[in-house]
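**Q** Taking our numbering, the leading residue of the sequence shown gets 1060, the next gets one more, and so forth.
I have a structure here, written as structure tokens, and I will follow up with some questions on it.
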Amino acid sequence: WASEINLDLLSICSSTASHFEILKKAMERNIPYILCEKPITDKEDELNEIAELSKKSNSKIIVNHILRWEPGVDSIKEKLSQEKIQKVIVFYAKGFLHNGIHVVDLSLYLFGNPKKIIKRKEHIDGFGYLNFDFDLVYDSFEISFFALDEEKFSIFEYSIYTDLGKFVIDELTSKIKYFSIIKH
């Protein structure tokens, strides 16, 4: 940590075990922006200390949840503000902490915080990844998450059903499609 170097941004792309000490030093230096790979830490006490330190620091910590920054996501968010959400169905694989957390962050970005979270199922897949099937419940709709076994399915599929059509986000947002409702 050469104190004479004036940094505007620090990107922490190291092992999870090293994040805590690096974050502490970066916040002490008040580096304006800190981009940190997920998870920030795997220890609750460290997370609480980081939260407290962030209140005293001018640093902005950004967790690298990449999906919200993908091209097309903001246009979906804008279009969704003009449509009534009916239901959202999400399929993911490779564990909750590896991929599931990304789809949760995408949901929070698109729809805000839910009123309630309902865990339906917890299971370990064939590769040892911890998975959850669960719902995020909002006032007028819910998002249902289904975890599939990475051994059988390597999938990311996010479908948003509205009163006017359906958005499908595939392959970690590299494919975004919209289907309009056809009136019969």
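Every residue gets a Cβ at the ideal spot worked out from N, C-alpha and C, and that includes glycine.
Would you list the residues sitting across from F1226 in a DSSP beta bridge?
**A** Counting from 1 along the sequence shown, the entry for residue 1226 is found at position 167. Its beta-bridge partners are I1219, Y1237.
**Q** Got a sec? Which residues, its chain only, sit under 7 Å from I1177 by beta carbon, not counting five neighbours each side?
**A** Taking the sequence shown and counting its residues from 1, one reaches residue 1177 at position 118. Same-chain partners within the cutoff: F1193, D1194, V1196.
**Q** Which of helix, strand or coil does DSSP assign to F1204?
**A** Reading the sequence shown from its first residue, position 145 is the one you call residue 1204. It is a strand residue.
**Q** In this structure, what does DSSP give as the bridge partners for H1182?
**A** One-based indexing of the sequence shown puts residue 1182 at position 123. N1190, per the DSSP bridge assignment.
**Q** Determine the DSSP secondary structure at I1176, reduced to helix, strand or coil.
**A** Here residue 1176 is taken as the residue at index 117 of the sequence shown, counted from 1. Three-state result, I1176: strand.
**Q** Quick one: measure Cβ to Cβ for I1148 and S1118, integer angstroms, because I've assumed they're closer than 8 Å.
**A** The residue you call residue 1148 lines up with position 89 of the sequence shown. The residue you call residue 1118 lines up with position 59 of the sequence shown. At roughly 37 Å, the Cβ-Cβ gap does not stay under 8 Å, so I1148 and S1118 are not in contact.
**Q** State the beta-bridge partners of L1112 as determined by DSSP.
**A** As a working note, residue 1112 is residue 53 in the sequence shown. Its beta-bridge partners do not exist; DSSP assigns none.
**Q** Does the beta-carbon of I1120 have 16 or more other beta-carbons within 10 angstroms, so that it is buried, or is it exposed?
**A** Along the sequence shown, one-based indexing puts residue 1120 at 61. I1120 should be labelled buried.
**Q** Is the beta carbon of I1144 sitting closer than 8 Å to the one on F1200?
**A** Within the sequence shown, the letter at position 85 stands for residue 1144. Within the sequence shown, the letter at position 141 stands for residue 1200. Yes; because the gap between Cβ atoms is below 8 Å, this pair is in contact.
**Q** Kindly confirm or deny that the segment 1104-1117 and the segment 1081-1088 touch, where touching means at least three C-beta pairs closer than 8 Å.
**A** Yes: at least three Cβ pairs fall under 8 Å.
**Q** Round the Cβ separation of E1210 and D1229 to the nearest angstrom and send it over; I've been treating them as touching at under 8 Å.
**A** Locating residue 1210 in the sequence shown gives position 151, counting from the first residue. Locating residue 1229 in the sequence shown gives position 170, counting from the first residue. That belief does not hold up - the Cβ atoms of E1210 and D1229 are roughly 20 Å apart, past 8 Å.
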